[in-house]
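Read top to bottom, the protein sequences are chains A and B. Numbering-wise (our numbering), the first sequence opens with residue 1 and increments by one. Numbering-wise (our numbering), the second sequence opens with residue 1 and increments by one. For each residue, glycine too, the CB sits at the ideal point set by N, CA and C. Here is the structure we will look at, set down as structure tokens.
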Amino acid sequence: MVIQCQNLLKIYFSGEELRALDGVSLSIQKGEFVSIMGPSGCGKSTLLNILGLLDEPTSGEYFLNGTPTAQMKDSVRSRVRRENIGFIFQSFNLMPRLSVVENIALPMRYSGMERKLILPRARELAQRVGLGKKMSNTPLQLSGGQCQRVACARALANSPGLILADEPTGNLDSKSSQDILELLQELNKEGLTIVMVTHDSKIAAGTHRTIHMKDGKIL
Amino acid sequence: MKFPDLVLTGWAEIRAHKMRSFLSFFAIAIGIATFFYTLSVLSQRRQYIQTAIDISGKGRFSTSTEHPLTLQQYADLQRLLPLGTSLSFVADWGYWRIAPSYKGRKISELNLAGILPSWKDVDFAYRLEGRFVNWQDVENKRRVAVVMSRPREKLFSSVWSTYGPKEENPPIPLDQLTYRNNLLNQQIQINTETFTVVGILHIPSLKEDPRLDNCRNFVSEILIPYTTWYDIQSTSNDYFTTDIRVVTGRESTAQSAAAQTISYLRAQFGTEEKPEIKFFNETVKIYKIAAYASLKKMLLLGLIAMIAGGIGIMNVTMAVIYSRTKEIGIRRALGATRWDILFQFLIEAMLLGLCGSAAGMLLGYVVLLHTAESSAQMTFSWWVIVLSILIGLLTSFLFALYPAWQAAKLKPVDALKYE
């Protein structure tokens, strides 16, 4: 079991109480490709942020690879994010001034990897996502689909076991969306566990399992 | 993130935001320029005082007596003082007591001093042409003279020749005489006696004189053997003094040597003899106080400039963090720890501090070049450079610490949501 959540609650206090997650329990097995669907504001992204240790639940238990995360110190959470989780965001979240290769290399820079190994690995990943000829380009010189490929390559940099993708096709045309889905399917076949938030039922149909959410609850 | 990567990241950000970087950099540079200038002047003054002490000798003091001292007394006193002590007697009078002349023309504005060869042991900053007074000259009361020659840069015009009574054939000041004539091996008249000039002492220029201000030659001198000086005095009943100059070579022996000298003088001339001892140490102390007092104000100005520079860095770093909040979120999502974020912003600010320090030192150097009082003051100590860089780095570090910590404290999820 890669992910196991029990009764996750996330409450925001902004004048009035807002329950972003309201008792979410969820298990995801190693090697699964799971999509999360639901209307805007239903808590999909909040759940993904908690699963990615970017945010903490107000209450509830979350076990990642069997380890409870509630008491983890910030430095441990950072290490786990660095070593075990790869993120793909809807808006790519690339560094606009860094080249494709440098963007892919970024997680490795934080991992303590030997410096001389970093760029060869980043180039290899760029090749892998089909950007071998765009390595020195900056994100501004790439199309949306290409940017998302860079983000995918970056997510793979430290060979994580889990990929969390928050609407990775949300900003892409259908062709690029299909390409990204195929890339994720390929990665999943290689053994990576993937959790993907999406609005697109066609994309969700390409995953093993779809979790539907509404009002902070799993339906 | 490894240190080289942090530096490269910081440098890339500095280059990407040139105007903002320039503002921080400029503020630090101004502060460092003030510090560098002040510290350089401080260092140069220290060095200057140290050189002055070195050529003056350690354990130096002087006193005087109103009695003439003989060579026998010189030998007695020398024996009482610690081994290696330089002892010198100097008898002098203003020129109005004597009537030196050269080729029939009176010479004015000079001191005529009777000296011993050991005169050379203290504050000898001169270039000697010819020879100096030696013991044979002293023992045989030879009519020989060593004349000081001043370079042509005298800042003060002669008071006497400007305001004194106008004469038919006015006396020529010694400095003017030596400008115009090389007196070496020439003859000068002192009273009715003829003296041969055996040596010229070239006084260093004001810029190159390593001696403390009050040890310099305000009036040029004609030096003759100590014994000869007494020999030609026709009015020896008048008031005069003999200076006794002692350099023991060690500060620790100065006090006891001074006590020995006083007791010797009392033994010779009675207990009413109350010689006043002037320790060179005290002179140096007073000089140091005066020399450093003005620097304190400048350091204060430098400090204010640095605080202004620091606030500039802080302000800019705060603005940077707001504009790069999303980036902080991305880096945190990719596994950067709080420390990584903290160091990233600190190193970026410190790089600016480093560049600002370098520019500030350059600016300070240019100011120094235009204001240096002497070439001796244009030497730089490594500690001034190191300290200036450290001040620049420390200021940027301290003032960037708060904003960098604010950045490090951001929750990844909140930073990522920031647009």
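Tell me whether residue 229(B) is buried or exposed, calling it buried when 16 or more other Cβ atoms sit within 10 Å of its Cβ.
-> Indexing the second sequence from 1 puts residue 229(B) at position 229. By the neighbour-count definition (other C-beta atoms within 10 Å, threshold 16), residue 229(B) is a buried residue.
Short CB-CB distance (under 7 Å) between residue 5(B) and chain D | Going by chain labels, chain D is absent from the structure shown, which instead holds the protein chains A and B.
Nearest candidate by alpha-carbon position, reference residue 74(A), set 27(A), 52(A), 6(A) | For the purposes of this step, residue 74(A) is identified with residue 74 of the first sequence, where counting begins at 1. Considering only alpha carbons, the answer is 52(A).
According to DSSP, is residue 44(B) helix, strand or coil?
-> As a first step, residue 44(B) is located in the second sequence; it is residue number 44 there, counting from the start. DSSP places residue 44(B) in helix when its eight states are reduced to three.
Would you say residue 93(A) reaches chain B, if we count a Cβ-Cβ gap shorter than 7 Å as a contact?
-> As a first step, residue 93(A) is located in the first sequence; it is residue number 93 there, counting from the start. Chain B contact via Cβ: present.
Nearest-angstrom Cα separation, counted from residue 271(B) out to residue 108(B) | Taking the second sequence and counting its residues from 1, one reaches residue 108(B) at position 108. Taking the second sequence and counting its residues from 1, one reaches residue 271(B) at position 271. So the alpha carbons of these two residues sit roughly 39 Å apart.
Are three or more beta carbon pairs between the region 39–51 of chain B and the region 213–231 of chain B nearer than 8 Å?
-> No: the two stretches stay apart, fewer than three of their Cβ pairs being nearer than 8 Å.
Per DSSP, which residues does residue 129(B) bridge with? Please list them.
-> Position 129 of the second sequence, counted from the first residue, corresponds to residue 129(B). Within the DSSP bridge table, the entry for residue 129(B) names 200(B) as partners.
With respect to the alpha helix (DSSP H) encompassing residue 7(B), which residues constitute its N-terminal and C-terminal limits?
-> Looking up residue 7(B) in the second sequence gives position 7. 3–16 is the extent of the alpha helix (DSSP H) around residue 7(B).
Does the beta carbon of residue 188(A) sit closer than 7 Å to a beta carbon anywhere in chain B?
-> Within the first sequence, numbered from 1, the residue matching residue 188(A) stands at position 188. Closer than 7 Å: no.
Which residues of chain B have a Cβ atom closer than 7 Å to the Cβ of residue 97(A), listed in chain order?
-> Locating residue 97(A) in the first sequence gives position 97, counting from the first residue. Among the residues of chain B, those whose CB is under 7 Å from the CB of residue 97(A) are 12, 16, following chain order.
In DSSP terms, what residue 16(A) is bridged to = By one-based count along the first sequence, residue 16(A) stands at place 16. Looking at the DSSP assignment, residue 16(A) forms a beta bridge with 14(A).
Mind pulling the chain B residues with CB within less than 8 Å of residue 110(A)?
-> Position 110 of the first sequence holds residue 110(A). The contact set of residue 110(A) on chain B, defined by CB atoms closer than 8 Å, consists of 1, 331, 334, 335, 336, 337, 340 in chain order.
Integer-rounded CB distance, given that residue 363(B) should sit under 8 Å from residue 392(B) = One-based indexing of the second sequence puts residue 392(B) at position 392. One-based indexing of the second sequence puts residue 363(B) at position 363. In fact, because the Cβ distance is near 12 Å, the residues do not count as touching under 8 Å.
Straight-line Cα distance separating residue 173(A) from residue 186(A) = As a first step, residue 186(A) is located in the first sequence; it is residue number 186 there, counting from the start. As a first step, residue 173(A) is located in the first sequence; it is residue number 173 there, counting from the start. Computed Cα separation, rounded: 20 Å.
Starting from the C-beta of residue 248(B), find all residues in its chain whose C-beta is less than 6 Å away, skip the five residues before and the five after it, and write them out in chain order.
-> The residue labelled residue 248(B) in the question sits at position 248 within the second sequence. The answer, listed in chain order, is 59, 82, 85, 254, 257.
Would you tell me roughly how many angstroms separate the C-alpha atoms of residue 261(B) and residue 91(B), rounded to the nearest one?
-> Along the second sequence, one-based indexing puts residue 261(B) at 261. Along the second sequence, one-based indexing puts residue 91(B) at 91. Distance between the alpha carbons of residue 261(B) and residue 91(B) is about 17 Å.
Rounded straight-line distance, which links the Cα of residue 358(B) to that of residue 306(B) | Counting from 1 along the second sequence, the entry for residue 306(B) is found at position 306. Counting from 1 along the second sequence, the entry for residue 358(B) is found at position 358. Near 14 Å, if we compare the C-alpha coordinates of residue 358(B) and residue 306(B).
Run the CB neighbour count on residue 203(B), radius 10 Å, all protein chains shown included, and call it buried at 16 or more, exposed below.
-> Along the second sequence, one-based indexing puts residue 203(B) at 203. With 16 or more other Cβ atoms within 10 Å, it is buried.
Just how far apart, CA to CA, sit residue 395(B) and residue 386(B)?
-> Here residue 395(B) corresponds to residue number 395 of the second sequence, with the count starting at 1. Here residue 386(B) corresponds to residue number 386 of the second sequence, with the count starting at 1. Computed Cα separation, rounded: 14 Å.
Residue 208(A) versus 194(A), 83(A), 163(A), 120(A), residue with shortest Cα-Cα distance | The residue labelled residue 208(A) in the question sits at position 208 within the first sequence. Of 194(A), 83(A), 163(A), 120(A), the residue nearest in Cα terms is 194(A).
Any alpha helix (DSSP H) of 4 or more consecutive residues that is wholly inside the region 24–105 of chain B | You should have 71–80.
Tell me residue 163(A)'s beta-bridge partners as DSSP assigns them.
-> Within the first sequence, residue 163(A) is the residue found at index 163, counting from 1. Answer is 86(A), 194(A), bridged to residue 163(A).
In chain A, which residues lie with their C-beta within 8 Å of the C-beta of residue 327(B)?
-> Position 327 of the second sequence, counting from 1, holds the residue named residue 327(B). Chain A residues near residue 327(B): 95.
For chain A, is any of its Cβ atoms less than 7 Å away from the one on residue 413(B)?
-> For the purposes of this step, residue 413(B) is identified with residue 413 of the second sequence, where counting begins at 1. At least one CB atom of chain A sits nearer than 7 Å to the CB of residue 413(B).
Decide if the region 190–205 of chain B is in contact with the region 26–45 of chain B; the criterion is three or more beta carbon pairs, one per stretch, under 8 Å apart.
-> Not touching, per the Cβ criterion.
Under 7 Å between beta-carbons, which chain A residues line up against residue 351(B)? List them in chain order, please.
-> Mapped onto the second sequence, residue 351(B) falls at position 351. Within 7 Å Cβ-Cβ: nothing; residue 351(B) doesn't reach chain A, min ~16 Å.
Bounding residues of the alpha helix (DSSP H) (the contiguous stretch that carries residue 154(A)) = The sequence position of residue 154(A) within the first sequence is 154, counting from 1. Run containing residue 154(A): 144–155, per the alpha helix (DSSP H) assignment.
With contact counted as at least three CB pairs below 8 Å, one residue from each stretch, are the region 23–37 of chain A and the region 188–202 of chain A in contact?
-> Yes, the region 23–37 of chain A is in contact with the region 188–202 of chain A.
Local conformation of residue 353(B) per DSSP, three classes | In the second sequence, counting from the first residue as 1, residue 353(B) sits at position 353. Here residue 353(B) carries a helix assignment [DSSP, helix/strand/coil].
Can you name the residues of chain B whose CB is closer than 8 Å to the CB of residue 107(A)?
-> Start at 1 with the first residue of the first sequence, and residue 107(A) comes out as number 107. Around residue 107(A), the beta-carbon contacts reaching into chain B at under 8 Å are 334, 335.
Start-end ranges of the beta strand (DSSP E) lying completely within the region 67–120 of chain A, minimum 3 residues = For the region 67–120 of chain A, the continuous beta strand (DSSP E) assignments of 3+ residues that do not extend past its boundaries occur at 85–89, in sequence order.
Host alpha helix (DSSP H) of residue 395(B) (start-end) = Position 395 of the second sequence holds residue 395(B). Per DSSP, residue 395(B) belongs to the alpha helix (DSSP H) from 382–409.
Sufficient close CB pairs (3 or more, under 8 Å) joining the region 1–17 of chain B to the region 41–51 of chain A | Touching, no, given that fewer than three Cβ pairs across the two stretches are closer than 8 Å.
Using 8 Å as the Cβ pair cut-off and three pairs as the minimum, do the region 53–60 of chain A and the region 95–104 of chain A touch?
-> Contact fails: fewer than three Cβ-Cβ distances are below 8 Å.
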